[in-house]
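The numbering used here puts the first residue of the sequence shown at 45, with every later residue one more than the last.
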Amino acid sequence: MDLITEFIRSGEKKRQTGGIGLEVEHFVLHKKTGLPMPYATIEELFKLLEPDYPQAVYEAGHCVALENEETLITLEPGCQLELSFLYTADLKRIQTAYQKAMKPIEEFVDEKGYEIVYAGGLPTVDVDSFPRIQKARYALMEAYFQNHGTRGKEMMKGTAAVHVSVDYADEKDYVKKMRMANLLHPVFAFLCFDSWYYAGKKNTDLLLRDSIWQGTDPDRCRIVDDLFADDFGYQSYANYVLNAPLILMHTKEDAYLSVQDKTCREVAKEYGWSDQAIAHYLSMVFPNIRTKNFIEIRSADSMPLNETMAYCAFLKGLFYRGETVEKYAGLAHSIDAIHATIASIRKDGWQADVYGYRCDVFCEQLLEDAKKGLDEEDLLLLAPLEKRILQRKHIGEL
Numbered sequence: 045m046d047l048i049t050e051f052i053r054s055g056e057k058k059r060q061t062g063g064i065g066l067e068v069e070h071f072v073l074h075k076k077t078g079l080p081m082p083y084a085t086i087e088e089l090f091k092l093l094e095p096d097y098p099q100a101v102y103e104a105g106h107c108v109a110l111e112n113e114e115t116l117i118t119l120e121p122g123c124q125l126e127l128s129f130l131y132t133a134d135l136k137r138i139q140t141a142y143q144k145a146m147k148p149i150e151e152f153v154d155e156k157g158y159e160i161v162y163a164g165g166l167p168t169v170d171v172d173s174f175p176r177i178q179k180a181r182y183a184l185m186e187a188y189f190q191n192h193g194t195r196g197k198e199m200m201k202g203t204a205a206v207h208v209s210v211d212y213a214d215e216k217d218y219v220k221k222m223r224m225a226n227l228l229h230p231v232f233a234f235l236c237f238d239s240w241y242y243a244g245k246k247n248t249d250l251l252l253r254d255s256i257w258q259g260t261d262p263d264r265c266r267i268v269d270d271l272f273a274d275d276f277g278y279q280s281y282a283n284y285v286l287n288a289p290l291i292l293m294h295t296k297e298d299a300y301l302s303v304q305d306k307t308c309r310e311v312a313k314e315y316g317w318s319d320q321a322i323a324h325y326l327s328m329v330f331p332n333i334r335t336k337n338f339i340e341i342r343s344a345d346s347m348p349l350n351e352t353m354a355y356c357a358f359l360k361g362l363f364y365r366g367e368t369v370e371k372y373a374g375l376a377h378s379i380d381a382i383h384a385t386i387a388s389i390r391k392d393g394w395q396a397d398v399y400g401y402r403c404d405v406f407c408e409q410l411l412e413d414a415k416k417g418l419d420e421e422d423l424l425l426l427a428p429l430e431k432r433i434l435q436r437k438h439i440g441e442l
């Protein structure tokens, strides 16, 4: 047993309350050129916001993150704005925090001739048409992905997502929820498709972000190999992390250095097992369903607030009702079945074969099961997604 395993175990919440963690990535694009807002202008935004965010993170004299008790603002490699919110079962509180954080951002962006754009893939321009932000971590990642996989640069600069986190009561609950989340990932990605254009062209890939991620680096983006093994658990996921090439290390001096193809296990022998180090190790693998000291579901495209809150309610309803978790954790028992479902959805959409069910029928059943786990207030939030499922529509089609 290693310290990564214990870190994962530390996330156990014996009393399950329906907690949800939310991260939303946003493109900030020029209204005329479609180019992302450059870092120099983002830095102006951060200076404007800083009085409301007591904790500011600087790198080489430049602000790269802001945090207060409700919201963390960070930057992705293509200057995508990522906002992360307090972990709570109160979805209305998350919604209010989002609206509060976004109001000054939207005003600033508009004044500068830009707009917030919700999409899974950068809709307007190719990723080679603008520079990556000058963060040491991202420079090392970009260099690594030039020789590993084929779509790393697209992943870094050309995607934006909604990540939703759920917790687990114990290791047994963790196993069920990890299997359930991986099995349902193709459906979540399909229902949250919001990538009508990519790189200035019409996009026809219903699972665009999934395609980009799977082309990024198989060593760190694949499903955990023994997900369906009888002994799958915390240690299995820890081994997945330990055996992956780490790319880079965040040192105690708050600097980044390249470790290239050295595995996490090898690097940890030198740099140790502090909580900060373990958090870094866990952050350097990118599966669709990632474990830290919670389960992070990374399936959804970046979506407008009403759709994002509907999705949060959807996952809350599904992952905190024991009977529902039991049902969907046992949908299938192989990684091949997940890949087959992804391929079928990409080809046939609403008519796809999803573990032996037609996709539209499966989504309706999933919706009904989610509703069983929600109170009246959260059911109201679910409404936009419910409407789309019943009408077989994607975001932007109604």
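Beta carbons are placed, not taken as given, at the ideal position from N, Cα and C, and that holds for glycine.
Item	Value
Glu441 burial status per 10 Å Cβ neighbour count (16 or more: buried)	exposed
Contained alpha helix (DSSP H) runs [length at least 4] in the region 340 to 426, N- to C-terminal order	349 to 363, 366 to 373, 379 to 392 and 403 to 415
Which of helix, strand or coil DSSP assigns to Gln124	coil
Residue(s) in a DSSP beta bridge with Phe71	Val161
Cβ neighbours of Phe189 in the same chain (closer than 6 Å, five flanking residues each side left out)	Gly196
Top-ranked residue by Cα proximity to Pro348, from Arg402, Pro428, Arg436 and Leu301	Pro428
Exposure of Tyr281, with buried meaning 16 or more beta-carbon neighbours within 10 Å	buried
Distance between beta carbons of Ile379 and Phe232, contact taken as under 8 Å	Contact doesn't hold; Cβ gap of about 17 Å is too wide.
Beta-carbon proximity of Leu127 to Ile138, cut-off 8 Å	no
Beta-carbon spacing of Cys403, Ile433 below 8 Å	no
Start-to-end residues for the alpha helix (DSSP H) that takes in Ser255	Leu252 to Gln258
Coarse secondary structure for Thr118, derived from DSSP in three states	strand
Close Cβ partners of Ile268 (< 7 Å) along its chain, the five nearest in sequence each way excluded	Sequence check: residue 268 is Val here, not Ile. Answer for Val268: Ser280, Tyr281, Tyr284 and Pro331, listed in chain order.
Given Asp274 as reference, the closest of Gly417, Lys360, Thr85 and Lys216 once Cα atoms are compared	Lys216
Sequence-distant residues of the same chain with beta carbon closer than 8 Å to Gln392, five excluded per side	Correcting the residue identity first, residue 392 is Asp in this sequence and not Gln. Closer than 8 Å at the Cβ level, and outside the excluded window around Asp392, lie Cys403.
Beta-carbon spacing of Tyr182, Leu73 below 8 Å	no
Touch test, the region 78 to 91 against the region 168 to 176, Cβ-Cβ under 8 Å, three pairs minimum	yes
Cut-off 6 Å between Cβ atoms - residues of its own chain near Arg264, not counting five sequence neighbours on either side	Ala288, Val329 and Phe330
Residues near Leu411 by beta carbon distance below 7 Å, same chain, minus five either side	Glu430 and Ile433
Close-in-space but distant-in-sequence residues of the same chain around Ile386 (CB under 7 Å, 5 per side omitted)	Pro230, Leu251 and Asp254
Where the alpha helix (DSSP H) containing Ser280 begins and where it ends	Tyr278 to Leu286
Three CB pairs or more closer than 8 Å across the region 393 to 401 and the region 200 to 220	no
Contact set for Gly259: own chain, Cβ-Cβ below 7 Å, skip 5 residues either direction	Gly193, Thr194 and Arg195
Neighbourhood of Gln395 by C-beta, 8 Å cutoff - its chain only, sequence neighbours within 5 removed	Arg402, Cys403 and Asp404
Rounded C-alpha distance that separates His438 from Val101	38 Å
Close beta carbons around Ser343, own chain, < 7 Å, minus the five adjacent residues each side	His229, Phe232, Ala233, Cys236 and Asn332
Residue from Phe276, Lys58, Asp96 and Lys360 with nearest C-alpha to His377	Phe276
Whether Tyr300 touches Ala180 by CB criterion (8 Å)	yes
Option in Asp46, Phe152, Ala213 and Phe51 with minimal Cα separation from Phe90	Phe152
Given Gln409 as reference, the closest of Tyr364, Ile382, Gly374 and Thr368 once Cα atoms are compared	Thr368
DSSP state of Ser302 mapped onto helix, strand, coil	strand
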